[in-house]
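Participant: So that we are looking at the same thing, I have put the structure below in structure tokens.
Residue numbers (this note's numbering): 611 to 1133.
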């Protein structure tokens, strides 16, 4: 027992270093925000309006995302067709899609000069505006509808095939299937999915920055940015940061409290033909749901890509310099993420149940904050020691790594636990520790999840428009910030070219780093 205890203690000690650093980057910055914040009485009508708008737009965004996801997930669960696997894979693309690029694409379809308004004018109808509440909700649905579909689809396929076979033997039709199988599943799955998307929309900044604004369409994140950049009112910015953290914590606690496990029990994981959806009307419903979703998600990206490719050769030098800075920040963020996530995952896999739960909870703390809140805290800490503008790029990389850490840890944990369960005792008996254990045992079996985690962290950092807006000057702008500045200056052709460049770099970075995680790449 003693021989096995020593390696575990060493592993936990190694895991304690990233845990301590994570505490400094999250709780430390939150303490700085708390100490600098004005009293609650400093919240005026504008701040309360921002709080109300933040909650309302997040509620509407989550509601529409979940409602629209139901027919799409149902169609994917009961239909088999060529390209189904590709379509499901594409539903994951918006997760690493730079927000500012998606906004450009949505403007190409729904903007003042977009396809929709051109058609309305041709029909003699008044144009519609994408700016304000409707634009913010539309953009959030664009990003979160695929997430809701993927999560609902997973819940749908977890209904045991034996339940459908039993329903067939009882002569149940589509209405009975929906009543006794699908609706109970939806009642269990939808509240958690709704609150997860609600939490994501609470912390959205780039969407509100580009499509919101104005007294009636200002979120808490946007209010932090305005207090910081325009008024330099650090007390008000810090107070709004605390409000944002409280909103996120409340949503997180509520999500944990109301998430219900499935009541269907286990099955034998058999595939089953969905005879209940064989009718032509139901087939037409499913085809329509899938076709409209594909058009909604792919048309904006197709338009901005076609428009931006022609502008690529003539992009200003500042855009290419910003692209290089973004690449460096993304690679640095990925390196920091892996440096923190790997020892944390290994420590969790080797710890006792109580210690593992504490470390895992710690790794999830960044989900309860946002890039603007972290940026505000880091600015308040660093301004006493250095000019924050000179540290814009390293601070952005550190903040992005912190926000990517929960995803990387969750990706690594299953493989880390499998390695410990299969080889942990043997490695301990051979006294494999430190670099040797990492090189000979851990890394070869975690290379796939490590590459995927690093690629995801790099892609998320590449497209981030958050902390950099607080720190950057013209010489330290990243590509998303440079793209936003082009849009604000109405240089839409250059903005389209920069959007295509950002889109290509984000997906290329993810693909290159993650390539080794694919079986064919390791052959």
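Even glycine gets a Cβ: it sits at the ideal position worked out from N, Cα and C.
Since the structure is predicted, the reported quantities are computational estimates derived from the model, not experimental observations.
May I ask you to report which of helix, strand or coil DSSP gives residue 970?
Facilitator: Position 360 of the chain shown, counted from the start, is the residue given in the question as residue 970. The answer is helix: DSSP assigns residue 970 an H, G or I state.
Participant: Pop quiz: residue 1065 and residue 1120 are said to be a contact at Cβ under 8 angstroms. What is the actual Cβ separation, rounded to whole angstroms?
Facilitator: Position 455 of the chain shown holds residue 1065. Position 510 of the chain shown holds residue 1120. Yes, they are in contact, since the Cβ atoms of residue 1065 and residue 1120 sit about 4 angstroms apart, within 8 angstroms.
Participant: Answer yes or no: do residue 746 and residue 822 have a C-beta to C-beta separation smaller than 8 angstroms?
Facilitator: Locating residue 746 in the chain shown gives position 136, counting from the first residue. Locating residue 822 in the chain shown gives position 212, counting from the first residue. Yes, the pair counts as a contact, with Cβ atoms nearer than the cut-off.
Participant: Which value, in whole angstroms, describes the spacing of the CA atoms of residue 1107 and residue 1094?
Facilitator: For the purposes of this step, residue 1107 is taken as the residue at position 497 of the chain shown. For the purposes of this step, residue 1094 is taken as the residue at position 484 of the chain shown. Their Cα atoms are separated by approximately 12 angstroms.
Participant: Near residue 1117, what residues of its chain come up, given a Cβ to Cβ distance below 6 angstroms and the 5 sequence neighbours on each side ignored?
Facilitator: Here residue 1117 corresponds to residue number 507 of the chain shown, with the count starting at 1. Cβ neighbours of residue 1117 beyond the five flanking positions: none.
Participant: Who are the near neighbours of residue 1059 in its chain, counting only those whose CB is closer than 6 angstroms to its CB and skipping five residues on each side?
Facilitator: On the chain shown, residue 1059 is found 449 positions in, with the first residue counted as 1. These residues qualify, in order along the chain: 1021, 1022 and 1025.
Participant: With H, G and I counted as helix, E and B as strand and the rest as coil, what does DSSP make of residue 802?
Facilitator: One-based indexing of the chain shown puts residue 802 at position 192. Here residue 802 sits in helix by DSSP.
Participant: Would residue 861 pass as a contact of residue 660 if the rule is Cβ separation under 8 angstroms?
Facilitator: Position 251 of the chain shown, counted from the start, is the residue given in the question as residue 861. Position 50 of the chain shown, counted from the start, is the residue given in the question as residue 660. No, Cβ-Cβ distance for residue 861 and residue 660 is not below 8 angstroms.
Participant: Between the alpha carbons of residue 806 and residue 1035, how many angstroms are there, rounded?
Facilitator: Residue numbering aside, residue 806 sits at position 196 when the chain shown is read from its first letter. Residue numbering aside, residue 1035 sits at position 425 when the chain shown is read from its first letter. Each residue's Cα considered, the two are about 38 angstroms apart.
Participant: Between residue 664 and residue 812, is the Cβ-Cβ spacing less than 8 angstroms?
Facilitator: In the chain shown, the residue the question calls residue 664 occupies position 54. In the chain shown, the residue the question calls residue 812 occupies position 202. Yes, the pair counts as a contact, with Cβ atoms nearer than the cut-off.
Participant: By DSSP, does residue 828 sit in helix, in strand, or in coil?
Facilitator: Here residue 828 refers to the residue found at position 218 when the chain shown is read from its first residue. Reduced to three states, the DSSP call for residue 828 is coil.
Participant: Using a Cβ-Cβ cutoff of less than 6 angstroms, which residues in the same chain neighbour residue 1092 once the five nearest sequence positions on both sides are dropped?
Facilitator: Start at 1 with the first residue of the chain shown, and residue 1092 comes out as number 482. These residues qualify, in order along the chain: 929 and 932.
Participant: Compare the C-alpha of residue 802 against each of 957, 1085 and 762 and name the closest.
Facilitator: On the chain shown, residue 802 is found 192 positions in, with the first residue counted as 1. When each option's Cα is compared against that of residue 802, the closest is 762.
Participant: Can you check which of these residues, 844, 1102, 907 and 952, is closest to residue 970 by C-alpha distance?
Facilitator: The residue given as residue 970 occupies position 360 in the chain shown. The residue with the shortest Cα to Cα distance from residue 970 is 952.
Participant: Using only the alpha-carbon positions, how far apart do residue 643 and residue 854 sit?
Facilitator: The count along the chain shown starts at 1 and reaches residue 643 at position 33. The count along the chain shown starts at 1 and reaches residue 854 at position 244. Using only the alpha carbons, I get a separation of about 11 angstroms.
Participant: Is the Cβ-Cβ distance between residue 981 and residue 1013 less than 8 angstroms?
Facilitator: Working through the chain shown from its first residue, we reach residue 981 at position 371. Working through the chain shown from its first residue, we reach residue 1013 at position 403. Cβ atoms of residue 981 and residue 1013: closer than 8 angstroms.
Participant: What residue ranges within the stretch 925-984 form continuous alpha helix (DSSP H) runs of no fewer than 4 residues, ordered along the chain?
Facilitator: Fully enclosed alpha helix (DSSP H) runs of 4 or longer: 927-960 and 963-973.
Participant: Mapping DSSP to helix, strand and coil, what is residue 1100?
Facilitator: The residue given as residue 1100 occupies position 490 in the chain shown. Residue state, collapsed to three classes: coil.
Participant: Quick one: what does DSSP say residue 750 is sitting in, helix, strand or coil?
Facilitator: Indexing the chain shown from 1 puts residue 750 at position 140. Three-state result, residue 750: helix.
Participant: Answer yes or no: does any C-beta atom of chain D fall closer than 8 angstroms to that of residue 696?
Facilitator: As a matter of chain content, chain D is missing from the structure shown, which is built from one protein chain.
Participant: Taking 7 angstroms as the cut-off, is the CB of residue 661 close to at least one heavy atom of the ligand ZN?
Facilitator: What this structure holds is no ligand at all, so the ligand ZN is not there to describe.
Participant: Please report the distance separating the alpha-carbon of residue 730 from that of residue 914.
Facilitator: Position 120 of the chain shown, counted from the first residue, corresponds to residue 730. Position 304 of the chain shown, counted from the first residue, corresponds to residue 914. Between residue 730 and residue 914, the C-alpha separation is close to 20 angstroms.
Participant: If you follow the alpha helix (DSSP H) that residue 720 is part of, which residue opens it and which one closes it?
Facilitator: Along the chain shown, one-based indexing puts residue 720 at 110. It spans 709-720 - the alpha helix (DSSP H) in which residue 720 sits, taken as one unbroken run.
Participant: Please look up how many angstroms separate the CB atoms of residue 668 and residue 716, rounded, as I've assumed it's under 8 angstroms.
Facilitator: Taking the first residue of the chain shown as 1, we reach residue 668 at position 58. Taking the first residue of the chain shown as 1, we reach residue 716 at position 106. Contact doesn't hold; Cβ gap of about 18 angstroms is too wide.
Participant: Taking the straight line between their C-alpha atoms, what separation do you get for residue 916 and residue 1037?
Facilitator: By 1-based counting over the chain shown, the position of residue 916 is 306. By 1-based counting over the chain shown, the position of residue 1037 is 427. Approximately 54 angstroms, taken between the alpha carbons.
Participant: Leaving out the 5 sequence neighbours to the left and right, which residues in its chain are closer than 7 angstroms to residue 760 when beta-carbon positions are compared?
Facilitator: Translated into the one-based positions of the chain shown, residue 760 becomes position 150. So the list reads 701 and 702, once near-sequence residues are dropped.
Participant: Going by Cα to Cα distance, which pick from 926, 903, 1053 and 962 is closest to residue 753?
Facilitator: Mapped onto the chain shown, residue 753 falls at position 143. Per the Cα distances, 903.
Participant: For the candidate residues 1125, 897 and 810, whose alpha-carbon lies nearest to that of residue 687?
Facilitator: Looking up residue 687 in the chain shown gives position 77. The shortest Cα separation from residue 687 among 1125, 897 and 810 belongs to 897.
Participant: Could you tell me the distance, in whole angstroms, from the CA atom of residue 901 to the CA atom of residue 662?
Facilitator: By one-based count along the chain shown, residue 901 stands at place 291. By one-based count along the chain shown, residue 662 stands at place 52. For residue 901 and residue 662, the distance between alpha carbons rounds to 35 angstroms.
Participant: Please report the straight-line C-alpha distance between residue 611 and residue 628, rounded to a whole angstrom.
Facilitator: Taking the chain shown and counting its residues from 1, one reaches residue 611 at position 1. Taking the chain shown and counting its residues from 1, one reaches residue 628 at position 18. A caution first: residue 611 carries a pLDDT of 47, below 50, which makes its placement in the model too unreliable to give a value.
Participant: Would you mind stating whether residue 1009 and residue 977 have Cβ atoms separated by less than 8 angstroms?
Facilitator: Within the chain shown, the letter at position 399 stands for residue 1009. Within the chain shown, the letter at position 367 stands for residue 977. No.
Participant: Given that a residue counts as buried once 16 or more other Cβ atoms are within 10 Å of its Cβ, and exposed if not, what is residue 835?
Facilitator: One-based indexing of the chain shown puts residue 835 at position 225. Flag for residue 835 reads buried.
Participant: If we call anything under 8 angstroms between Cβ atoms a contact, is residue 992 one with residue 1029?
Facilitator: Translated into the one-based positions of the chain shown, residue 992 becomes position 382. Translated into the one-based positions of the chain shown, residue 1029 becomes position 419. Not closer than 8 angstroms, so no.
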